[in-house]
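Residue numbers (the numbering used here), protein chains in the order written: chain Z, 3 to 886; chain V, 23 to 92.
Structure, as structure tokens:
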Amino acid sequence: MTNLLPTKFYLPPLPGGFVARPQLLQILDEAVKHRLTLVSAPAGAGKTTLVSAWAQSARKKGVAFGWLSLDEADNDPGRFMECLVACLEEWGIILETSMRYPKGGEQIQPENIPADFIRGLTNLKRDTTIIVDDYHLIQNREVHAILEYLLEHASLLFHLMLLTRSDPPFELARLRVSGQLVELRIEQLRFSMREAGAFLRKAAGVQLTETDIAVLNERTEGWVAGLQMAAISLRGREDASAFVAAFAGSHRFVLDYLLEQVLNRQSSEVQEFLLKTSILERLSAPLCDAVIESSGMARGLLDTLERANLFLIPLDDERGWYRYHHLFADLLENVLEQSHPDLLVGLHRRACRWHEAQGMLPEALHHALEAGDNELVARMVSANMLAIVEHAELAPILLHMDAVPRAERITLPWLGVAYAWGLAYAGQNERAGLELSLAEKQADKLVSEERSRLLGHIAAVRAYLAWSNGDQPEAVIYAEQAAHLLPAEEIAVRALNLTTLGNAMTQYAADTHAVEVLEQAMLLARQGGQSHVFMLAAGAMAFACKILGQFHRAYEVCEDAIEVAGAYQRSNRRELTAAASIYAFLSRVLSEWGELEKAIRVARKGLALSELWGQADTIMVCLLYLAQALALAGEAESSQQVLQRARKIAQKISPWHMINVDLAELDTCLDGGTSNASEVYQEAIRKQNAGYKFPDFLAARLLLRQNRANDVLILLERALPEAQQHPSYENVRLYTFQALAHFQKKDFPHALVSLDQALDLAEPENRLATFVREGDKMEKLLQLAQANSMHPEFIQCLLAVFEIRRKFKAEPAPGIEQLIEPLSARELEILNYLNGYLSSMEIAEQLVVSVNTVRTHMKNIYGKLGVHGRSAAVRRAKELGLVK
Amino acid sequence: MQKATSYEIHVQDCLDEKWAARFIPFAVTVGDKESILIGVVHDQAELFGVLLKIRDLGLSLVSVNPVERR
Numbered sequence: 003m004t005n006l007l008p009t010k011f012y013l014p015p016l017p018g019g020f021v022a023r024p025q026l027l028q029i030l031d032e033a034v035k036h037r038l039t040l041v042s043a044p045a046g047a048g049k050t051t052l053v054s055a056w057a058q059s060a061r062k063k064g065v066a067f068g069w070l071s072l073d074e075a076d077n078d079p080g081r082f083m084e085c086l087v088a089c090l091e092e093w094g095i096i097l098e099t100s101m102r103y104p105k106g107g108e109q110i111q112p113e114n115i116p117a118d119f120i121r122g123l124t125n126l127k128r129d130t131t132i133i134v135d136d137y138h139l140i141q142n143r144e145v146h147a148i149l150e151y152l153l154e155h156a157s158l159l160f161h162l163m164l165l166t167r168s169d170p171p172f173e174l175a176r177l178r179v180s181g182q183l184v185e186l187r188i189e190q191l192r193f194s195m196r197e198a199g200a201f202l203r204k205a206a207g208v209q210l211t212e213t214d215i216a217v218l219n220e221r222t223e224g225w226v227a228g229l230q231m232a233a234i235s236l237r238g239r240e241d242a243s244a245f246v247a248a249f250a251g252s253h254r255f256v257l258d259y260l261l262e263q264v265l266n267r268q269s270s271e272v273q274e275f276l277l278k279t280s281i282l283e284r285l286s287a288p289l290c291d292a293v294i295e296s297s298g299m300a301r302g303l304l305d306t307l308e309r310a311n312l313f314l315i316p317l318d319d320e321r322g323w324y325r326y327h328h329l330f331a332d333l334l335e336n337v338l339e340q341s342h343p344d345l346l347v348g349l350h351r352r353a354c355r356w357h358e359a360q361g362m363l364p365e366a367l368h369h370a371l372e373a374g375d376n377e378l379v380a381r382m383v384s385a386n387m388l389a390i391v392e393h394a395e396l397a398p399i400l401l402h403m404d405a406v407p408r409a410e411r412i413t414l415p416w417l418g419v420a421y422a423w424g425l426a427y428a429g430q431n432e433r434a435g436l437e438l439s440l441a442e443k444q445a446d447k448l449v450s451e452e453r454s455r456l457l458g459h460i461a462a463v464r465a466y467l468a469w470s471n472g473d474q475p476e477a478v479i480y481a482e483q484a485a486h487l488l489p490a491e492e493i494a495v496r497a498l499n500l501t502t503l504g505n506a507m508t509q510y511a512a513d514t515h516a517v518e519v520l521e522q523a524m525l526l527a528r529q530g531g532q533s534h535v536f537m538l539a540a541g542a543m544a545f546a547c548k549i550l551g552q553f554h555r556a557y558e559v560c561e562d563a564i565e566v567a568g569a570y571q572r573s574n575r576r577e578l579t580a581a582a583s584i585y586a587f588l589s590r591v592l593s594e595w596g597e598l599e600k601a602i603r604v605a606r607k608g609l610a611l612s613e614l615w616g617q618a619d620t621i622m623v624c625l626l627y628l629a630q631a632l633a634l635a636g637e638a639e640s641s642q643q644v645l646q647r648a649r650k651i652a653q654k655i656s657p658w659h660m661i662n663v664d665l666a667e668l669d670t671c672l673d674g675g676t677s678n679a680s681e682v683y684q685e686a687i688r689k690q691n692a693g694y695k696f697p698d699f700l701a702a703r704l705l706l707r708q709n710r711a712n713d714v715l716i717l718l719e720r721a722l723p724e725a726q727q728h729p730s731y732e733n734v735r736l737y738t739f740q741a742l743a744h745f746q747k748k749d750f751p752h753a754l755v756s757l758d759q760a761l762d763l764a765e766p767e768n769r770l771a772t773f774v775r776e777g778d779k780m781e782k783l784l785q786l787a788q789a790n791s792m793h794p795e796f797i798q799c800l801l802a803v804f805e806i807r808r809k810f811k812a813e814p815a816p817g818i819e820q821l822i823e824p825l826s827a828r829e830l831e832i833l834n835y836l837n838g839y840l841s842s843m844e845i846a847e848q849l850v851v852s853v854n855t856v857r858t859h860m861k862n863i864y865g866k867l868g869v870h871g872r873s874a875a876v877r878r879a880k881e882l883g884l885v886k
Numbered sequence: 023m024q025k026a027t028s029y030e031i032h033v034q035d036c037l038d039e040k041w042a043a044r045f046i047p048f049a050v051t052v053g054d055k056e057s058i059l060i061g062v063v064h065d066q067a068e069l070f071g072v073l074l075k076i077r078d079l080g081l082s083l084v085s086v087n088p089v090e091r092r
């Protein structure tokens, strides 16, 4: 998938015909010493050009700044913060933070702006200005509040410059009075006679009389967009004065009049190109070729437009992407709508198809909706349903669909189903269910094949929702329904549905049938080349293996899946976020094997990926296993914090998830060490006494902690025969509790018999943690077993882990660990640059490669180090001794 | 809910009728030195939507007035 994010941080180059405006640059030089600089003026007043000219010279002088161009999608607090942080990193303004910010759609209040972020801005070493272009696109009050908060609280070295068409709703009067605000407004931006003259001579290349210049400047009111159009219209004219006179005599809207002149001066080819491509937010040569249905003409035309200063703004150094000046695009689009309304649908359709083929699904969906072609929307959405919801960028798509009026959604059942998939993945189960009911009502309007396909999808989402709500029997029913309805070619959804079925069966009653179903799911996903679904199926398989106590097999499944994810990453140059759950389960296996540092690292990697993806269930799994690994490593407080995060997310998804967090918390607290352990423990005892039924292993552990050995033995007398019917990884623990209960009663012979059974089950799967987490008493019991020559090798191993744990607690080891994948020589080289103050663009210059290459390396480095940003990468690299 | 209200917006530039589609639900009338947009909006949000379009075209606003209900 093409990532357009970097274009947002690209400093626009100066247009041809650029006129230096030294007095304004001087004002800006002064302005950036103030807290806020406001460049507030109408569209086409030359704001971006002026400030980018200042920024180009500032860069040469070594002034620190960052550039951020906003889009409509950024009008959301989560998304805005994400852009802001990415901008700071892109421009090498190092922040001491490794935090990720909530994805779009989540609530952020100023007081919740991560303290890390503020601290980072407080630690700035020199004056730094963040320039935000097109700030008028922000209407969300929370975003305004975030910036106001920063203006108030960030370091005095932090400065903000906003380019906008209307004033932001800040307390400008107060800032003005306290001398913290500098404003550049239309009066200052208007071109003077002298500037207009210089501009027209340079841009039009014709000699104009002073009178003509005066007339033009008066008629356009010094508005540079108008002057530029006039200049283009004048180019190559011999009757310049006649043109000026006609223009002055017209009462029409300046831009309207001038656009007509501009278009008339172009060849019919260029005219047609301009009008037809005006529907595009961003342009590239291949995209334009697809939209205007030419083979290879677009490249030359784009170059022509750029040379002719026809309002085409490059968005990268490679001349890969461009956009039109917003105002110009608006004008063109209006002409297109008026003169060729019949073309619109076809243009949008082709744009949709091109973006779809590139995997740029949000853009594709935008054009499908613009085309107003319901059939296209339905086909687009249904063919890419899973890709849409799996392609990391869940939040923007949900926002997009939120914007489609409900009435319209109702008539487009496929859109409703896609929306439901998205909502289900984001953990908004109730709303997802509602959308499905609406879509289902429309099913009768479809023809039979299409109808069963739609109903198949609906059943598959319902199965997923039922599983996520903890209703396994219902999940099984819906999943079987879906399997029956879905046609053979719907490989991705069928494989996903089998995964849900396998998952539900595992939860319901783990047995070999679940494993068989999941094997089918993995096979189908692999055959269909559906890497992301393969990840989910493999994750479910690893989970089933874990439940069945098959830790070695779970490990193999994870290794296999990580290989698939690696291949995906190499060929698509982006991480496979769906691999998150694989890392979670791998972490769980490693925890069990006592490889705790690696387990923590792997779980963090999974967490990072799952947050990038925004898939709520997966975030939960990663958090729970991270908490467990941390608790086992004796990091009780961190573990507790991770569980608190899990609780917040679980609250939003379903009560079932809440129960899982509660149980994980209790188990962790019983491992000992957390500050709230006694609280949680007392509450659990109260619940147990009130008749609440904990899972047997937890109930036994809780009783054991209360020294109620007899009650433990009574409970296990019932539980153990039941457990033998259902193979489960927790069964081993039942034997360990039985052993400890006997041990508590000083009944050593029975204790050893039970322990022997536990060791029999545990040794083949190397389950060290099961014993080690039970602490001192278990150690004593194991020493007794060692004296009796039971399981000599395994016990020796176990006792060694106890020993290491004691040392680890006394003096935490430095984090010199092995990376899962080593860094390449080039990546190490770039890592060393990242430890400096060069921006990625400057690094690219140093290495004589494109900035995109540097970015790709950076992304790979972050992935391998399991971190998100430049500063975190540097910190991590230092920990690992990779840089000095 | 607010009742539908008619508004009359004056802008300083002479817009052609071809801009009318852009300003739905407003109709555009071209005067001598200014254009007049008249239309019915259901709430303030709809009105602000039109005002933002005027801003985005760099047009100068002269006046915005509610018109008596018919």
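Where is the CB? At the ideal position from N, CA and C, for every residue including glycine.
Please read all numbers here as calculations on a predicted model, not as lab measurements.
Item	Value
By Cβ distance, which residues of its chain are closer than 7 Å to Z:H606, with the 5 residues on each side in sequence left out?	In the sequence on display, residue 606 of chain Z carries Arg and not His. Excluding residues within five positions, the ones whose Cβ falls inside 7 Å are L628 and G868.
Output yes if chain Z places a C-beta closer than 8 Å to the C-beta of V:A26; else output no.	no
In the structure shown, what three-state DSSP assignment does V:V89 receive?	strand
Our contact map puts Z:V519 next to Z:L500 with C-beta atoms below 8 Å; I'd like the distance itself, whole angstroms only.	6 Å
Would you verify that the beta carbon of Z:P17 is, or is not, closer than 8 Å to some beta carbon of chain V?	no
Closer than 8 Å is the cut-off here; do at least three beta carbon pairs connect the region 605–625 of chain Z with the region 572–590 of chain Z?	yes
Taking the straight line between their C-alpha atoms, what separation do you get for Z:T502 and Z:A465?	7 Å
Between Z:L634 and Z:W356, what straight-line distance do the alpha-carbon atoms span, to the nearest angstrom?	51 Å
Applying the 10 Å Cβ sphere with the 16-neighbour rule, what's the burial state of Z:A250?	exposed
Taking only beta-carbon atoms, is Z:L632 less than 8 Å away from chain V?	no
Among residues of its own chain, excluding the 5 on either side of V:S82, which ones have a beta-carbon nearer than 8 Å to its beta-carbon?	V33, Q34 and D35
Decide if the region 300–319 of chain Z is in contact with the region 273–292 of chain Z; the criterion is three or more beta carbon pairs, one per stretch, under 8 Å apart.	yes
May I ask you to verify whether the region 140–152 of chain Z touches the region 23–32 of chain Z, counting CB pairs closer than 8 Å and requiring at least 3?	no
Closer than 8 Å, CB to CB, is V:G61 near chain Z or not?	no
Alpha carbon to alpha carbon, how far is V:L73 from Z:G48? Give it in angstroms, no decimals.	21 Å
Let me know if Z:L334 comes out buried or exposed under the rule of 16 or more other beta-carbons within 10 Å of its beta-carbon.	buried
Is the distance from the Cβ of Z:Q532 to the Cβ of Z:I493 below 8 Å?	yes
Just how far apart, CA to CA, sit Z:Q273 and Z:N471?	57 Å
Taking Z:M74 as the reference, give the member of Z:K35, Z:A55 and Z:V145 with the closest Cα.	Here residue 74 of chain Z turns out to be Glu, not Met, going by the sequence shown. Per the Cα distances, Z:V145.
Beta carbons nearer than 8 Å to chain V: which residues of the region 244–272 of chain Z have them?	H253, R254, F255, V256, L257 and D258
Below 7 Å between beta carbons is the criterion; list the residues of the region 26–49 of chain Z that meet it against any residue of chain V, in chain order.	P44, A45 and G46
With three or more beta-carbon pairs closer than 8 Å as the criterion, would you say the region 54–72 of chain Z touches the region 217–230 of chain Z?	no
Whole angstroms are fine: how far does the CA of Z:A485 sit from the CA of Z:A527?	14 Å
Using a threshold of 8 Å, state whether the C-beta atoms of Z:F313 and Z:Y324 are closer than that.	no
To the nearest angstrom, how far is the alpha carbon of Z:M537 from that of Z:A563?	6 Å
If we ignore side chains and look at the alpha-carbon of each, how far apart do Z:Y557 and Z:A567 end up?	15 Å
Are the CB atoms of Z:Q268 and Z:S235 nearer to each other than 8 Å?	no
Let me confirm a value: Z:A692 is counted as buried when at least 16 other C-beta atoms fall within 10 Å, else exposed. Which label applies?	exposed
Taking the C-alpha atoms as reference points, what is the distance between Z:V851 and Z:M860?	13 Å
One question on the structure: do Z:Q630 and Z:A652 come within less than 8 Å of each other, judged by their Cβ atoms?	no
Given a cut-off of 8 Å on the beta-carbon distance, is the pair Z:L704 and Z:A686 in contact?	yes
Can you tell me the Cα-Cα spacing of Z:A888 and Z:Q360, whole angstroms?	Within the shown structure, residues of chain Z are numbered from 3 to 886, placing residue 888 of chain Z beyond reach of any answer.
Between Z:W416, Z:L717 and Z:R351, which lies nearest to Z:I460 when the distance is taken from Cα to Cα?	Z:W416
Could you confirm whether any beta carbon from chain V is found closer than 8 Å to the beta carbon of Z:E283?	no
Please list, in chain order, all residues of the same chain as Z:V774 whose beta carbon is under 8 Å from its beta carbon, the five residues on each side excluded.	G596, L634, M780, L800, V803, F804 and R807
What do you reckon, is the C-beta of Z:V734 under 7 Å from a heavy atom of the ligand COA?	Absence of the ligand COA is noted for the structure shown, with no ligands found whatsoever.
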